[in-house]
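Be aware that the sequence shown starts at 1, since it is given in the UniProt record's numbering, and climbs by one per residue.
For each residue, glycine too, the CB sits at the ideal point set by N, CA and C.
Treat the numbers as computed from the prediction; the structure is a model and nothing was measured.
The block underneath contains the structure these notes are about, expressed in structure tokens.
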Amino acid sequence: MRSVIGGIRTAHLTKRHLVILTPGSFAIPSGRSSSVEHVVQHTAEALVNRMPITVIGRKAALQGWRSVRKGVTYQRVTFQGAHGYLLRASQQISRLKPAIIQVENRPHYVRLLRRKFPKAKLSLVIHSTAFINPPYISAKALRASLQAANVIIVNSEFLKGYVQQKVPGVAHKIVTHYLGVDVGRFISKWSGEGSESRAQIRRELGFEHRKIILYMGRLIPQKGVHHALHAMRNVIQSEPSALLLIVGSAFYGSKRITSYVKELGRVAKTMPGHVRFIPYVNHQEMPEWIRLADVVVVPSMGSEAFGLVNVEAMASGVPVVATRAGGIQEVIEDGRTGLLIHKEDMPTELAPTLLRVLQDEALQRRMGEQGLERVRDKFTWQQAAEVRWELYRTMLEASAIHLG
């Protein structure tokens with residue numbers, strides 16, 4: 001009898017609505033958004049078979065006010081500052097009457113939504129350390145915002161510890177949910193399909209005989225792109241065929257040039273034929289670029305919470321050379337799916353570590369195949385969605401028992 005009742009209860013819970021409120025900085029879905037919107041889109045599409053989902057986001061010029069993609073409803077409002085955006089989003093939330101409101105990466109939204117919806121189940125998803133620090137939020141406001149949430153979701157144990165240290169009183173609310181990757185799109189370069197696609201694109205670009213190091217991400221000092229460039233000076237002395245592809249720009253969806261980007265360009269010019277810049281590419285094009293690589297370099301100098309590019313490279317069968325920093329060391333298994341370097345050793349160790357991978361195809365294949373195995377075991381969007389559903393199912397069941 002209990003299992004029957006449990007089945008009825010679970011069936012009932014699947015009808016409870018989830019609203020996901022995105023930051024409003026970028027449109028969704030869009031190929032030129034930030035990683036936050038990218039994560040929201042893929043998690044929602046994997047979770048929607050469990051419960052109805054509406055994603056509220058910023059309206060772009062060519063988008064309609066409402067659309068449905070893969071079962072997920074996207075409701076859009078205008079963005080003319082955070083206050084107005086939140087006001088218009090709140091109106092949509094009032095209309096939808098969701099069981100759970102999931103707020104993405106803007107803790108101060110939670111505090112304001114708690115005032116508007118005092119009985120709501122509020123879930124805060126923190127993607128990085130950026131928006132839990134000044135100038136985006138004060139220590140006092142952060143504490144109030146985190147206290148207003150029912151649950152706080154982070155993407156790594158590193159980020160969990162970081163948040164706990166800043167606001168110890170909310171430690172019991174914090175859960176770690178790892179991010180994922182679409183293994184249907186990020187195809188291993190060692191597979192028949194991946195190998196054929198890779199060879200064709202390398203021919204088209206004239207890269208058949210090049211050993212390719214790929215950096216993919218924002219061109220900002222915290223990402224350590226300058227370390228990759230400086231390492232190339234030593235790499236090309238031992239491996240003249242080496243080519244560093246730098247895919248990205250300083251800002252999401254923009255080719256605006258900063259002083260840092262200009263300096264990167266100046267250094268690159270001292271190594272003609274060995275460095276190529278590829279402006280920001282949308283998410284749909286990323287798998288092809290990653291498959292080109294012999295090794296992906298992630299020389300982050302900041303507190304990287306997770307780093308999607310790590311799992312995208314692993315899914316593509318490409319080993320990763322990365323900084324032993326933040327949540328990266330939870331994703332990359334040192335010596336098995338890639339190689340990790342301490343931040344302070346980056347100036348001296350990056351070049352020889354890259355060469356170790358570049359000059360050993362057997363090592364590349366072994367690490368690449370082990371990386372794909374690790375992704376399938378731990379880092380798919382379906383796995384991420386199931387973990388999220390279990391959390392929300394428990395919350396809703398507890399609420400139903402309380403109300404009953």
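Neighbour-count burial assignment, residue i, 16 or more Cβ in a 10 Å radius
i: L245; result: buried
i: L122; result: buried
i: L18; result: buried
i: H127; result: buried
i: A228; result: buried
i: I100; result: buried
i: K262; result: exposed
i: L403; result: With a pLDDT of 40 at L403, under the threshold of 50, the modelled position of that residue is not reliable, and the figure given next carries that caveat. So L403 counts as exposed.
i: I257; result: exposed
i: K70; result: exposed
i: N155; result: buried
Closest by C-alpha distance to residue i, when choosing among the options
i: I28; options: A322, W65, E330, A398; result: W65
i: M301; options: L339, I328, K262, V281; result: I328
i: A315; options: Q370, Q222, G71, L219; result: Q370
i: F251; options: H227, V281, V163, Q63; result: V281
i: Q91; options: E104, G81, A199, R76; result: R76
i: H42; options: L391, M395, Q382, I153; result: Q382
i: E304; options: A313, E330, R233; result: E330
i: S195; options: L292, A398, R366, R324; result: L292
i: Q222; options: V163, N150, R233, G326; result: G326
i: T129; options: R185, K166, R114; result: K166
i: S188; options: L179, G180, R198; result: R198
i: G317; options: L339, D294, G307; result: D294
i: K97; options: Y85, K119, G81, I153; result: K119
i: R143; options: E361, E344, R276, L124; result: L124
Run of the alpha helix (DSSP H) containing residue i, from where it starts to where it stops
i: K280; result: The question names Lys, but residue 280 is Tyr in the sequence shown. Y280 -> no alpha helix (DSSP H), and no H or E assigned at all.
i: Q164; result: 157-166
i: R365; result: 361-378
i: G265; result: 259-268
i: L113; result: 107-116
i: S94; result: 82-96
i: V357; result: 346-358
Where residue i sits in the DSSP three-state scheme
i: V4; result: Annotation note: pLDDT 37 at V4 (below 50); position unreliable, no value reported.
i: D334; result: strand
i: S238; result: helix
i: S195; result: helix
i: V311; result: helix
i: K211; result: strand
i: residue 443; result: Absent from the structure is residue 443, since the part of the chain shown begins at 1 and ends at 404.
i: G404; result: Its pLDDT being 40, under 50, G404 is placed unreliably by the model, and the measurement read from it follows with that caveat. Of the three classes helix, strand and coil, the one that applies to G404 here is coil, per DSSP.
i: H12; result: Annotation note: pLDDT 49 at H12 (below 50); position unreliable, coordinate value reported separately. H12 falls in the helix class under three-state DSSP.
i: I328; result: helix
i: K189; result: coil
i: R50; result: coil
i: M271; result: coil
i: V387; result: helix
i: V181; result: strand
i: V225; result: helix
i: Q399; result: Position check: residue 399 holds Ser in this sequence, whereas Gln was assumed. Of the three classes helix, strand and coil, the one that applies to S399 here is helix, per DSSP.
Enclosing beta strand (DSSP E) for residue i [first to last residue]
i: A148; result: Unbroken run through A148 is the alpha helix (DSSP H), 139-148; no beta strand (DSSP E).
i: V103; result: 100-104
i: I53; result: 53-58
i: T43; result: Note, T43: premise wrong, no beta strand (DSSP E); alpha helix (DSSP H) at 35-47.
i: T176; result: 174-176
i: V296; result: 295-298
i: L21; result: 18-21
DSSP beta-bridge partners of residue i
i: T323; result: I341
i: A27; result: R58
i: R66; result: Q75
i: K121; result: I100
i: M216; result: V247
i: I152; result: L124, I174
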